[in-house]
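>
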Amino acid sequence: MRQAGRYLPEYRRLREKHSLKTLFLTPELAFEVTKMPINRFGVDAAILFSDITVIALSLGFDLDFQEGPKITPPLTPSHVDHLPFFPEKLEPIFQTIRLLKQDLLVPLLGFCGAPFTVASYLIGDLERTTDWMRRDPLTFQNLIDKITHATIAYLQLQKQAGVDAVQIFDSWANVLTKEEHERYSLFPLQRCVASINLPSLFFMREMGPYVEKIPCGLSLDWTISLREGRQRTAQPIQGNLDPDFLFQPLDQIRTKTKELLYAMEGDPGFILNLGHGVKPQTPVDAVRCFVDTALYRK
Numbered sequence: 502m503r504q505a506g507r508y509l510p511e512y513r514r515l516r517e518k519h520s521l522k523t524l525f526l527t528p529e530l531a532f533e534v535t536k537m538p539i540n541r542f543g544v545d546a547a548i549l550f551s552d553i554t555v556i557a558l559s560l561g562f563d564l565d566f567q568e569g570p571k572i573t574p575p576l577t578p579s580h581v582d583h584l585p586f587f588p589e590k591l592e593p594i595f596q597t598i599r600l601l602k603q604d605l606l607v608p609l610l611g612f613c614g615a616p617f618t619v620a621s622y623l624i625g626d627l628e629r630t631t632d633w634m635r636r637d638p639l640t641f642q643n644l645i646d647k648i649t650h651a652t653i654a655y656l657q658l659q660k661q662a663g664v665d666a667v668q669i670f671d672s673w674a675n676v677l678t679k680e681e682h683e684r685y686s687l688f689p690l691q692r693c694v695a696s697i698n699l700p701s702l703f704f705m706r707e708m709g710p711y712v713e714k715i716p717c718g719l720s721l722d723w724t725i726s727l728r729e730g731r732q733r734t735a736q737p738i739q740g741n742l743d744p745d746f747l748f749q750p751l752d753q754i755r756t757k758t759k760e761l762l763y764a765m766e767g768d769p770g771f772i773l774n775l776g777h778g779v780k781p782q783t784p785v786d787a788v789r790c791f792v793d794t795a796l797y798r799k
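So this is what it looks like as structure tokens:
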């Protein structure tokens with residue numbers, strides 16, 4: 502859940518020299534950033550340094566980063582039938598994976614955005630996305646199908662490059678009704694997971710209503726307890742600590758981490774993690790305390 506980022510001073514130093522887009526698409530730099538938390542904390546898996554919006558490049562869009570991703574031009578219904586797919590535009594990411602696999606001693610997780618969330622970035626915002634989805638469902642379904650096709654190809658190419666597992670992020674799917682979620686989130690997820698035959702994790706905010714239906718590992722936020730999640734699925738579960746808990750005193754971080762570890766002790770499919778990404782202002786010592794407690798029960 503965003504292992505490398507603005508909370509690491511070595512990352513901030515690198516960002517002073519390079520734009521985010523340069524970091525994402527320069528294999529040697531993405532390699533360096535991916536390894537930062539491995540080198541500093543000794544965590545037991547690496548997460549590819551990239552962004553869920555990079556797939557926009559393969560669909561013929563321009564991509565830049567300001568406060569967040571900026572995709573141009575915004576997608577409109579008239580563009581859907583002519584949406585291209587150029588997987589070679591993502592070759593720097595596959596090069597990064599190959600570099601990492603030559604060096605890492607821990608598993609490497611690749612990732613992607615789920616089709617609905619990618620669509621929301623291509624269109625520009627959630628309000629326009631849901632308006633289009635409900636006003637013109639046939640064209641929107643065509644869009645989801647095209648993004649799903651591209652996403653499957655992207656994941657398969659990550660697998661060929663060497664990732665050991667993948668995370669699929671449908672960050673905005675919580676705005677959907679249950680019927681919409683079935684059509685635009687769950688069904689594309691099923692297709693993606695079935696296509697790659699790799700250990701997979703799925704994240705969305707407020708996943709509670711859908712736990713039983715997720716066809717792979719679940720990355721839970723703090724709106725559902727891990728015990729409840731385990732009672733409702735046999736899939737692996739990850740999470741679910743609120744990232745704000747890392748702003749507490751170290752002894753409280755240590756206590757909460759131990760409580761969660763002991764609550765899930767003996768579970769064969771539990772991954773200790775946060776319920777969302779590490780926030781930029783998070784103290785490095787807090788992350789170290791969390792990781793060390795997990796690794797050594799100190």
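Using my numbering, the letters of the sequence shown correspond one by one to residues 502 to 799. Where is the CB? At the ideal position from N, CA and C, for every residue including glycine.
Between I553, R755, T724, which has its C-alpha nearest F525's C-alpha?
To locate residue 525, count along the sequence shown from 1; it is residue 24. With distances taken between Cα atoms, F525 lies closest to I553.
> Give a yes or no on whether the C-beta atoms belonging to L761 and L773 are separated by under 8 Å.
Stepping through the sequence shown from its first residue, residue 761 is reached at position 260. Stepping through the sequence shown from its first residue, residue 773 is reached at position 272. The answer is yes: Cβ separation under 8 Å.
> What is the rounded straight-line gap between the Cα of M537 and the Cα of D637?
Within the sequence shown, the letter at position 36 stands for residue 537. Within the sequence shown, the letter at position 136 stands for residue 637. M537 and D637 have their C-alpha atoms spaced approximately 45 Å apart.
> Taking C693 and I725 to be in contact with their CB atoms under 8 Å, please state how far apart those CB atoms are, rounded to whole angstroms.
The sequence position of residue 693 within the sequence shown is 192, counting from 1. The sequence position of residue 725 within the sequence shown is 224, counting from 1. Contact doesn't hold; Cβ gap of about 22 Å is too wide.
> With a Cβ-Cβ cutoff of 8 Å, do R754 and T734 count as a contact?
Locating residue 754 in the sequence shown gives position 253, where the first residue counts as 1. Locating residue 734 in the sequence shown gives position 233, where the first residue counts as 1. It should be noted that the sequence gives Ile, not Arg, for residue 754. No.
> Going by DSSP, what residue range makes up the beta strand (DSSP E) through F746?
Within the sequence shown, residue 746 is the residue found at index 245, counting from 1. Where F746 is concerned, there is no enclosing beta strand (DSSP E), given that its DSSP letter is neither H nor E.
> Whose C-beta lies closer than 8 Å to the C-beta of F562 among residues of the same chain, with five residues either side of it excluded?
Numbered from 1 along the sequence shown, position 61 holds the residue referred to as residue 562. Cβ within range, chain order: I572, T573, P574, L576, L623.
> For L549 versus A557, is the C-beta spacing smaller than 8 Å?
Translated into the one-based positions of the sequence shown, residue 549 becomes position 48. Translated into the one-based positions of the sequence shown, residue 557 becomes position 56. Not in contact: L549 and A557 (Cβ atoms no closer than 8 Å).
> Do you know offhand how far K590's Cα is from A654's?
Start at 1 with the first residue of the sequence shown, and residue 590 comes out as number 89. Start at 1 with the first residue of the sequence shown, and residue 654 comes out as number 153. Their Cα atoms are separated by approximately 13 Å.
> Just confirm the distance between the C-beta atoms of S701 and A666, as a whole number of angstroms; I'd bet it's less than 8 Å.
Locating residue 701 in the sequence shown gives position 200, counting from the first residue. Locating residue 666 in the sequence shown gives position 165, counting from the first residue. Separation of the CB atoms of S701 and A666 is rounded to 7 Å, and the pair is thereby assigned contact status at 8 Å.
> Excluding the five sequence neighbours on either side, which residues of its own chain have a C-beta within less than 6 Å of the C-beta of I539, listed in chain order?
Taking the first residue of the sequence shown as 1, we reach residue 539 at position 38. So the qualifying residues of the chain are A547.
> For L742, which of V676, A795, S696 has the nearest alpha-carbon?
For this step, residue 742 is matched to residue 241 along the sequence shown. Nearest C-alpha to L742: A795.
> So T640 and V581 are supposed to be a Cβ contact under 8 Å. How far apart are they, rounded?
Taking the sequence shown and counting its residues from 1, the one referred to as residue 640 is at position 139. Taking the sequence shown and counting its residues from 1, the one referred to as residue 581 is at position 80. Taking C-beta atoms under 8 Å as the contact rule, T640 and V581 qualify, at a distance of about 6 Å.
> Which residue marks the beginning of the beta strand (DSSP E) containing I572, and which one marks its end?
Within the sequence shown, numbered from 1, the residue matching residue 572 stands at position 71. 570-573 is the span of the beta strand (DSSP E), which, as asked, contains I572.
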